[in-house]
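Worksheet: the structure to be examined is printed underneath.
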Amino acid sequence: MKNQASSELSLPSTAVGAQTPKKSEKRRSVFWNIRSDIPNSLYYLMVSFSIVIPLFAWSLLTYGGFVDRLFMPTPGSVLMRGFELIQNGEIFQDIMASLSRVAWGFLLSAALSIPLGLLIGSFKTMEGLFAPILGLMRYMPAAAFIPLIILWVGLDEPAKIVIIFLGSFFYNVLMVSDAVKFVPSDLLKVSYTLGASRWDVFSKVILPATLPNIIDTLRVNIAGAWNFVVVAELVAASSGLGYRILQAQRFLKTDEIFVGIIVIGLIGLGIDFLFKLLFRLVVPWAIDKA
Amino acid sequence: MFNILSNQLLAMTSIPELEINNLNKSFPTKDGELLVLENINMKVYKNEFACIVGASGCGKSTLLNIIAGLNQQTSGEILLEGRPVNGPGADRGMVFQNYTLYPWLTVAENIEFGLKLKGISSSERKERVDHYIEIVGLSKFAKSLPKTLSGGMKQRTAIARALANEPDILLMDEPFGALDAQTKGVLQEFMLQVWKQTQKTILMITHDVEEAVFLAQRIYVLSSRPGRIKAEVDIPLGVDRDFSVKRTELFQLVKQEVLDLLREETLKVISQEIS
Ligand SMILES: Nc1ncnc2c1ncn2[C@@H]1O[C@H](COP(=O)(O)OP(=O)(O)O)[C@@H](O)[C@H]1O
Ligand SMILES: [Mg+2]
């Protein structure tokens, strides 16, 4: 990858075509290479654009006075507000409150959905029993159940946990059961000929074989659960990042709303990273590159 | 050294290791029953290396799966050492074409898998794993994961894993079908050596006639749609063969004989498809 960098560095010119090709042979631009490597320098240039351009647009809009600062705070004031919230420690309380809700709701969801997904994927009988009803439930938005949950569970912590649970459970089940279908049937067959019982095949072949997919499923779906915590905290919460955002809106503290949203995003990124780390540690054999 | 020929002659007169009597298999389909195997009768003797050849789609895999107990015959019986086969078991080892190593286990752990299921003590397990990993020449790769192995090495691991269970018969379904020609040639010779060294009874399926003639003591030629035993060909090439046997006139003659038998089948299928 690196050795190409020197000759092909001139991205804008090749892309825009400012240099007229001297010979008749036309140089094809590296920029639009389909599914192949590009020079590292070009890649990181694009990465920096992805951060710099929105930041620049935001600064221009706010510092340039194009929008009312009441509705859109400047990057500087958001940063300031963030430091304040870190200094007085309030933000950490909110983070802990939200994280623990997601942790409980999602742990519960994972603990039930993984076995259920494996059962549905492995046994046609279980598929017949559960798949239709779960398929239907999946299309019912968890948020629509909130009134019912309040009636049944109340307004306390359990209600929020139930909402997060509902928001992730059905997708977990579906994706885990799909993972079982990716286990090659010859792998199951050969196991029987090695003397495995059905239970052996389930526990010693299907379970480990699907583990990488299960971890990936959890990684994808915890993002949904983490988003859902805001929805859950609309339900009479007195702490949490969703609650913080709601309060800020009430007092027109848009900078605080921004801080809340950015923190939610960063923590989401952190969770994603942790699951990728977990994948590398638990199922290193499933990493593509040898 | 291993006196296989005399063993084999002895075995021929005794009961066969594997015996299939009047076996039929049909699959239910949208357009009614599809007869895939019709009136299969065959025997594989102890220490024998037998091959089944046939065009693709003629029911070879179906037959082997039934022998392995992974699939149920519609009628007929399968006897292993005189006892009827019912369901899969470790007495019939199996090697498939592809994707059958446990990717989360090392080479040694893959070979050990069946031994653990059998509840064999860890010291004996280690002994057997060492023995069979040596036979397939992968001692240096004992701790490697399958993803780091070449296709040929993967198949050797799968063969060692099946052998380590010490089954009565080793069943192989086109084990070298996914390999490149060079690797395939090397593994064929390797397979002959393994057979001589372990004195296993082997039943192998292939659509590659040259491979079958090179490896087998006896070949069953399967017809197409439905699969019937069209011919049984003894291969008069002896037990001690190496790659050079492929250049002999006798080899070419036998190969041509089997090819001619198969060609009729292929023509039959093509004319069926056209009409
Ligand atoms: N489960 C099944 N249901 C219906 N037809 C099947 C099934 N399995 C195999 N067949 C059919 O049986 C025939 C033989 O298949 P197979 O044994 O895989 O052939 P081969 O291994 O010789 O290529 C094919 O025509 C295939 O379509
Ligand atoms: Mg086949």
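Heads up: the sequence lines are chains D and C, in that order.
The first sequence lines up with residues 1 to 290 when you count with the working numbering.
The second sequence lines up with residues 1001 to 1275 when you count with the working numbering.
The beta-carbon is built from N, C-alpha and C at its ideal position, and this holds for glycine as well.
Since the structure is predicted, the reported quantities are computational estimates derived from the model, not experimental observations.
(1) What did DSSP end up calling Ser10(D) once you bin it into helix, strand or coil?
(2) Taking a contact to mean a Cβ-Cβ separation below 8 Å, would you say Met72(D) touches Thr254(D) in this structure?
(3) How about Ser113(D) and Asn172(D): do their beta carbons lie closer than 8 Å?
(4) Which residue marks the beginning of the alpha helix (DSSP H) containing Gly260(D), and which one marks its end?
(5) Measuring only from the beta carbon, is Leu1034(C) closer than 7 Å to any heavy atom that is part of ligand 1?
(6) Of all Cβ atoms in chain C, is any one closer than 8 Å to the Cβ of Trp285(D)?
(7) Select from the region 1020-1035 of chain C all residues with a C-beta closer than 7 Å to any C-beta belonging to chain D, and list them in chain order.
(8) Report yes or no: do the region 1218-1226 of chain C and the region 1254-1267 of chain C share at least 3 C-beta pairs separated by less than 8 Å?
(9) Kindly provide the chain-ordered list of residues whose Cβ lies closer than 7 Å to any non-hydrogen atom of ligand 2.
(10) Anything in the region 1067-1087 of chain C with a Cβ closer than 7 Å to a Cβ of chain D? List those residues in chain order, please.
(11) Can you check the region 84-169 of chain D for any alpha helix (DSSP H) of at least 4 residues that lies completely inside it and give the ranges in chain order?
(12) Nearest to Pro1103(C) by CA position, among Ala1055(C), Leu1215(C), Lys1143(C), Gln1199(C), is which residue?
(13) Quick one: is Gly195(D) buried, meaning 16 or more other Cβ sit within 10 Å of its Cβ, or exposed?
(14) Can a CB atom of chain D be found closer than 8 Å to the CB of Thr1201(C)?
(15) Express the C-alpha separation of Gly242(D) and Leu99(D) in angstroms, rounding to a whole number.
(16) Beta-carbon within less than 7 Å of Val1209(C)'s beta-carbon, same chain only, minus the 5 sequence neighbours each way: which residues are those?
(17) Using the Cα positions of Asn1065(C) and Phe1096(C), report the straight-line distance between them to the nearest angstrom.
(18) Give me, in chain order, the residues of the same chain whose beta-carbon lies closer than 6 Å to that of Met126(D); leave out the 5 immediate sequence neighbours on both sides.
(19) How is Gly224(D) classed by DSSP in three states: helix, strand or coil?
(20) Which chain D residues sit within Cβ distance under 8 Å of Gly1137(C)?
(21) Going by alpha carbons, who is nearest to Glu1211(C) out of Asn1041(C), Met1191(C), Asn1047(C)?
(22) Starting from Thr1206(C), follow the alpha helix (DSSP H) in both directions and report where the run begins and ends.
(23) Rounded to whole angstroms, what's the CA-CA distance from Leu278(D) to Asp1234(C)? Just pull it up for me.
(24) Determine the extent of the beta strand (DSSP E) in which Arg965(C) is found, giving its start and end residues.
(25) Using the rule of at least 16 other Cβ atoms within 10 Å of the residue's Cβ for burial, across every protein chain shown, is Glu1273(C) buried or exposed?
(26) Any beta carbon from chain C within less than 8 Å of Gln4(D)'s own beta carbon?
(27) Rounding to the nearest angstrom, what Cα-Cα distance links Pro1236(C) and Lys1196(C) in this structure?
(28) Counting only beta-carbon separations shorter than 8 Å, does Tyr1132(C) have a partner in chain D?
(29) Does any heavy atom of ligand 1 sit closer than 7 Å to the C-beta of Phe1027(C)?
(30) So, are the CB atoms of Leu1179(C) and Pro1146(C) less than 8 Å apart?
(31) For Val16(D), does the count of other Cβ atoms within 10 angstroms reach 16, so buried, or fall short, so exposed?
(32) Can you check the region 1101-1145 of chain C for any alpha helix (DSSP H) of at least 4 residues that lies completely inside it and give the ranges in chain order?
(33) Apart from the five residues on each side of it in sequence, which residues of its chain come closer than 7 Å, Cβ to Cβ, to Gln1217(C)?
(34) For Cys1051(C), is the beta carbon positioned less than 7 Å from some heavy atom of ligand 1?
(35) Hey, does Lys181(D) have any beta-carbon neighbour from chain C nearer than 8 Å?
(36) For Arg1128(C), decide whether its Cβ has a neighbour in chain D, counting only Cβ atoms nearer than 8 Å.
On the basis of the supplied data:
(1) As a position in the first sequence, residue 10(D) is number 10, starting the count at 1. Note that Ser10(D) has pLDDT 44, beneath the 50 cutoff, so the model's placement of it is unreliable and the number below is only indicative. Look at Ser10(D) here: in three-state DSSP terms it is coil, with no helix or strand label.
(2) The residue given as residue 72(D) occupies position 72 in the first sequence. The residue given as residue 254(D) occupies position 254 in the first sequence. Yes, they are a contact pair.
(3) Counting from one through the first sequence, the residue named residue 113(D) turns up at place 113. Counting from one through the first sequence, the residue named residue 172(D) turns up at place 172. A distance below 8 Å separates the beta carbons of Ser113(D) and Asn172(D).
(4) Position 260 of the first sequence, counted from the first residue, corresponds to residue 260(D). For Gly260(D), the enclosing alpha helix (DSSP H) starts and ends at 254-282.
(5) In the second sequence, counting from the first residue as 1, residue 1034(C) sits at position 34. Residue side-chain check: Leu1034(C) places its Cβ nearer than 7 Å to a non-hydrogen atom of ligand 1.
(6) Translated into the one-based positions of the first sequence, residue 285(D) becomes position 285. So, interface residue.
(7) From the region 1020-1035 of chain C, no residue has a Cβ closer than 7 Å to chain D.
(8) Touching, yes, given that three or more Cβ pairs across the two stretches are closer than 8 Å.
(9) Output, sorted by chain position: Ser1056(C), Lys1060(C), Ser1061(C), Asp1173(C), Glu1174(C), Ile1205(C).
(10) Answer set for the region 1067-1087 of chain C: Ala1068, Leu1070.
(11) Runs of the alpha helix (DSSP H) spanning 4 or more residues and lying entirely within the region 84-169 of chain D occur at 90-122, 124-138, 146-153, in chain order.
(12) For the purposes of this step, residue 1103(C) is identified with residue 103 of the second sequence, where counting begins at 1. For Pro1103(C), the nearest C-alpha among the options comes from Lys1143(C).
(13) The residue labelled residue 195(D) in the question sits at position 195 within the first sequence. The residue is buried, with at least 16 neighbouring Cβ atoms inside 10 Å.
(14) Here the question's residue 1201(C) lines up with position 201 in the second sequence. No, because no Cβ of chain D sits closer than 8 Å to the Cβ of Thr1201(C).
(15) Within the first sequence, the letter at position 99 stands for residue 99(D). Within the first sequence, the letter at position 242 stands for residue 242(D). Answer to the nearest angstrom: the Cα atoms are 11 Å apart.
(16) In the second sequence, counting from the first residue as 1, residue 1209(C) sits at position 209. Same-chain partners within the cutoff: Val1053, Lys1255, Val1258, Leu1259, Leu1262.
(17) Taking the second sequence and counting its residues from 1, one reaches residue 1065(C) at position 65. Taking the second sequence and counting its residues from 1, one reaches residue 1096(C) at position 96. Their Cα atoms are separated by approximately 10 Å.
(18) In the first sequence, the residue the question calls residue 126(D) occupies position 126. Apart from the 5 residues on each side of it in sequence, Met126(D) sits with its Cβ closer than 6 Å to the Cβ of Leu119, Ile120 in its chain, given in chain order.
(19) By one-based count along the first sequence, residue 224(D) stands at place 224. Here DSSP, grouped into helix, strand and coil, assigns Gly224(D) to helix.
(20) Against the second sequence, residue 1137(C) aligns to sequence position 137. What Gly1137(C) touches in chain D: nothing, since even the nearest Cβ is about 21 Å away.
(21) To locate residue 1211(C), count along the second sequence from 1; it is residue 211. Of the candidates Asn1041(C), Met1191(C), Asn1047(C), the one whose C-alpha sits nearest the C-alpha of Glu1211(C) is Met1191(C).
(22) Here residue 1206(C) corresponds to residue number 206 of the second sequence, with the count starting at 1. DSSP places Thr1206(C) outside any alpha helix (DSSP H); the residue lies instead in the beta strand (DSSP E), whose first and last residues are 1201-1206.
(23) For this step, residue 278(D) is matched to residue 278 along the first sequence. For this step, residue 1234(C) is matched to residue 234 along the second sequence. One C-alpha to the other measures close to 57 Å.
(24) Limits of chain C in this structure are 1001 at one end and 1275 at the other, which puts residue 965(C) out of reach.
(25) Taking the first residue of the second sequence as position 1, residue 1273(C) is located at position 273. Taking every protein chain shown into account, the CB of Glu1273(C) has fewer than 16 other CB atoms within 10 angstroms, so this residue is exposed.
(26) For the purposes of this step, residue 4(D) is taken as residue 4 along the first sequence, with counting starting at 1. Low confidence applies to Gln4(D): its pLDDT is 45, below 50, so where it sits in the model is not reliable, and the reading given next is rough at best. Cβ-Cβ to chain C under 8 Å: no for Gln4(D).
(27) Numbered from its first residue, the second sequence carries residue 1236(C) at position 236. Numbered from its first residue, the second sequence carries residue 1196(C) at position 196. Cα to Cα, the separation comes out at about 17 Å.
(28) Taking the second sequence and counting its residues from 1, the one referred to as residue 1132(C) is at position 132. Judged by the 8 Å Cβ criterion, Tyr1132(C) is not in contact with chain D.
(29) Within the second sequence, residue 1027(C) is the residue found at index 27, counting from 1. Yes, Cβ of Phe1027(C) sits closer than 7 Å to a heavy atom of ligand 1.
(30) As a working note, residue 1179(C) is residue 179 in the second sequence. As a working note, residue 1146(C) is residue 146 in the second sequence. Not in contact: Leu1179(C) and Pro1146(C) (Cβ atoms no closer than 8 Å).
(31) Taking the first sequence and counting its residues from 1, one reaches residue 16(D) at position 16. Bear in mind that the predicted position of Val16(D) carries a pLDDT of just 47, short of 50, making it unreliable; the figure below should be weighed with that in mind. Answer is exposed; the Cβ neighbour count stays below 16.
(32) Runs of the alpha helix (DSSP H) lying entirely within the region 1101-1145 of chain C and spanning at least 4 residues, in chain order: 1107-1117, 1122-1135.
(33) Working through the second sequence from its first residue, we reach residue 1217(C) at position 217. Cβ within range, chain order: Glu1048, Phe1049, Ala1050, Ile1235.
(34) As a first step, residue 1051(C) must be located in the second sequence, where it is residue number 51. When distances are taken from the beta-carbon of Cys1051(C) to the heavy atoms of ligand 1, even the shortest one reaches 7 Å or more.
(35) Your numbering for residue 181(D) matches position 181 in the first sequence. By this cut-off, Lys181(D) is not an interface position.
(36) The residue labelled residue 1128(C) in the question sits at position 128 within the second sequence. Chain D, which has no Cβ nearer than 8 Å to the Cβ of Arg1128(C), makes this no.
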